[in-house]
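One structure is given below, encoded as structure tokens.
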Amino acid sequence: MNVSYRWLSDYIDLSGIAAKELAEMMTRGGIEIDSVPSRNAGVSGVVVGYVKTREKHPDADKLSVCTIDAGTGEDLQIVCGAANIGADMKVPVAMIGAKLPGGLDIKRAKLRGVESQGMICSARELGINDKLLPKEQQEGILILPDDTEIGRDILDVLALNDSILELDLTPNRSDCLSMLGVAYEVAALTGRPLNLPEPKKDIFPTADVASDHVRVSISAKEQCSLYTARYIKGVKIAPAPQWMQNRLIAAGVRPINNIVDITNYVMLEYGQPLHAFDAAKVAGGRIDVRLAQPAETLVTLDDQERKLEPQMLVIADAEKAIALAGVMGGANSEVTAETTDIILESAKFDGGTVRRTSRQLGLRSEASARFEKEVDPSRVRDALDRAAGLIARYAEGLVTEGIAEAEVSVQQPANVEITLGRINGMLGTELSKLEIKTIFSRLNFAAEVSGDGIWTVSIPSRRGDITRDVDLIEEVARLHGYDEIPTTLIDGATTAGSLTKPQAIRRELRSILTGAGLHETICYSVTSVQRTTLFKELSGDAKPIPLAMPMSEERSVLRTNLIPSLLDAAAYNLSRKNNELALFEIGNVYLTDEETLTRLPQEKPRLSLLLSGNRRSAAWNRSAEPVDFYDAKGILEKLFERLGLSGKIAYLAAQPAGFHPGRTAAITIHTERGDETIGYVGQLHPELQRDFDLPDTYVAELELASIYEYADRHIEYRTLPRYPAMERDIAVVVDRGVAGGALTDAIAASAGELLESVKVFDVYTGERIGSDKKSVALALVYRHGDRTLTDEEVTETHARVLTQLEQSFGAELRK
């Protein structure tokens, strides 16, 4: 919001307070001011001149020689190159000795042999952004209104001796999206009285009644609570007065004509957007506020055809939509130079409806920015009357009697109760009742205190951000002065900050995986529908959740597993010759069993990793070593070990969709609820490798919820062994379907506490032992922590192990 210091001074006496002092005061009071630029970019010595004559330069086709009356008593001869210069015009004239932006000094000069005693200026040469001028003024010299006083300083004429306060508003302070809102704020900060405009000052109604010309109704009662309209006859379309154009330009709004400029001016003044319809183009003289019809379209004022959707709010006449409510008017009811009668609109539209319409159509406007944040319902009629009065004065319009309106509900002012003790307790101050009452008075809040000391504060509708007692306390704090609030010690119990268990585990996971040489990726949480069909065991029966406004088909639904995102990242890297890949991602997946959402989806945290390329590159003394299944499994084993889960994790052969059928394992965790599958690790299916143009690639994905629940990051230390171990190696022949993990589990169960470790160190298959058999070699280590084992103890335990293997798996010792 750009606020003109001169315009603001119309509503409140700012004498003795410079623009920069006011900006500092407002910033300290909670309304941040980004900057306070001056409208004068370095202009001096420029006055209003009257072009008495214009003649062609004798030696230049594109130059003119003008005789100028600049109010000095002597005519000036000035050579001008602008094509739009002509006699009987009033223009800005830079006198000899004048200064212009960019360090330009005006001196006496000769142009093609003709003396020039100054310079006729364009808007750009005066430091004005010509894009904010009416279109006809954007080229050539700046032409001033005919009633401009000759010889008057151009700084006064164009209001360039002004400063702009650039407000950086937070969303809750939408009341300051208007000059009156800012005036109320400054009045509260300074304690000075307000001088508010009189809305009906220039309205002298005709004998006609507005309701005879226009009828108003509201069909969409939830989206519009109040709609008002005035009917104004006999308007004359012309440029707005210069002072009004100056204020619009200062606010960053381009003047167009008196009717449009007045609606914009009142919008900036009251914060209430208005719109003017050409009454002759409103069929049946009827206006209805309704929702758009299926397949309805509207060409807006920017000449773009908009396809409307049923949830969008429109203003319609008896035949068609004529405006997008709160966003932009329609070209089919636009005020033009031929317009004579207008219907002036002022309404209270639902902010959420306007916001959704604006976003869906990608159409933002000054009006929508205000409606989105909810306008003040008490100003709807005042703004309408104010605009009607200005149209009567500056467009010679005849305002008909009364207002045509429809109202669904009336917003009652909010009342908030608070006590002096609550205020001082929250702020740590010792403010008195009189000081609190004074602050409420400066805010223009009516306040009454009961016998038991409870204040009842009536909140005006312009301050929709104040709904609770803490909001009032904030108002007291900022007006009393944040610098005046004493520093006090924190009172009450304090809690040391710490990470939650899931946060600590995620941090540990990142440390482990990056320490293992993996790089973390952060991928999109949105993907394509086709990607969600991959790895069905990881997604279950989850339905893809579509986005309301996807950026593309490849990013149209929420992901149901992480691996496809890593595959995209791997393919992207490989296409750029980054061949050794070790990636991981910790992120959420989104699961639901509903085709159309009626409740929030499940948001589940997961870990995914990917390995591809070589574990070790080729060198002069070794060949390259490609990664394999055991690299991925080994990383997971290290991870589970660090999280205290090694004894609870098991790997079982599996054939989930998307994985290699013979090189994949399901990962299970043993819990009090039984064994749960928490993910898979394995090689990517060859067909998928071809689809993504990848070499042998190994992936894994884990549910983190169970890991969060059962991880035990407590580290236990053991002393080095004092007694010797006894080792036994065995090779047993079993069926090929017997898993090595099953053998080691059986050995551990039968050997008891004397067994320190057991591991598989070789597997042999071949014709010598049968096509359906395999030989598994295992290394067993026996040790007792308090004494040396005897041969007899180990032999007895080892025999028990062999018996268990024979009984459970039909194992035979290989000879």
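The sequence shown: position 533 = 533 (the UniProt record's numbering), numbered continuously.
Even glycine gets a Cβ: it sits at the ideal position worked out from N, Cα and C.
Whether residue i touches residue j by CB criterion (7 Å)
i           : j    : result
I342        : A279 : yes
N415        : T353 : no
residue 819 : L702 : The structure shown does not extend to residue 819, since the chain is modelled only from 1 to 815, so the question has no answer here.
A570        : S612 : yes
G271        : L177 : yes
A210        : I403 : yes
L610        : L558 : no
R192        : D13  : yes
R814        : L780 : no
D175        : R463 : yes
F659        : G634 : no
L778        : V763 : no
L226        : V327 : no
T263        : A347 : no
V51         : A70  : no
E405        : T228 : yes
Expected contact under 8 Å - CB spacing of residue i and residue j to nearest Å
i    : j    : result
L291 : A220 : 5 Å
L194 : A187 : 5 Å
R736 : D772 : 6 Å
V314 : A323 : 7 Å
L805 : V732 : 6 Å
R247 : L384 : Contact flag wrong, Cβ pair sits at about 20 Å.
E401 : P205 : 4 Å
Three-state class that DSSP yields for residue i in the structure shown
i    : result
P686 : helix
T664 : strand
D61  : coil
H519 : strand
W7   : helix
T339 : coil
K348 : strand
R736 : coil
Y482 : helix
R254 : coil
K110 : strand
T53  : strand
P193 : coil
D696 : coil
Candidates the options: closest to residue i by CA position
i    : options                : result
S64  : G113, L558, K20        : G113
N40  : I391, L160, V449, A19  : L160
E676 : T514, T664, V529, L652 : L652
G86  : I120, E345, D317       : I120
A739 : P695, S808, S757, V46  : S808
T487 : G428, S461, E475, G284 : G428
F629 : T697, D693, R642       : T697
E319 : L8, K348, R690, R286   : R286
E603 : S163, S116, L562       : L562
N172 : D471, G118, D350, L534 : D471
M426 : I473, I466, D465       : I473
T664 : A705, A632, R531       : A632
G140 : Y572, C80, K99, A240   : C80
G540 : Y590, R576, N578, G284 : Y590
P294 : I667, S432, A321       : A321
S4   : N129, Q137, L165, L144 : L165
L8   : H784, A183, V449, V776 : A183
L607 : A548, G252, L636       : L636
Span of the beta strand (DSSP E), counted from its first residue to its last, around residue i
i    : result
Y227 : 224-233
D75  : 75-80
T263 : Here T263 belongs to no beta strand (DSSP E); instead the alpha helix (DSSP H) covers 258-270.
K307 : 305-307
E405 : 404-407
K759 : 755-764
E585 : 581-591
Residue i: CB within 6 Å of a non-hydrogen atom of the ligand COA
i    : result
Q804 : In the structure shown, the ligand COA is absent, as is every other ligand, since no ligand is present at all.
Endpoints, alpha helix (DSSP H) assigned at residue i
i    : result
E374 : Looking at the DSSP string, E374 is not in any alpha helix (DSSP H), and its letter there is neither H nor E.
R247 : 242-250
R615 : That residue, R615, is in no alpha helix (DSSP H); its beta strand (DSSP E) goes 614-616.
M312 : Looking at the DSSP string, M312 is not in any alpha helix (DSSP H), and its letter there is neither H nor E.
M95  : M95 -> not in any alpha helix (DSSP H); beta strand (DSSP E) instead, spanning 90-100.
F640 : 629-642
Contact with chain B by residue i, beta-carbon distance below 7 Å
i    : result
D772 : Protein chain content of the structure displayed is limited to a single chain, and chain B is not contained in it.
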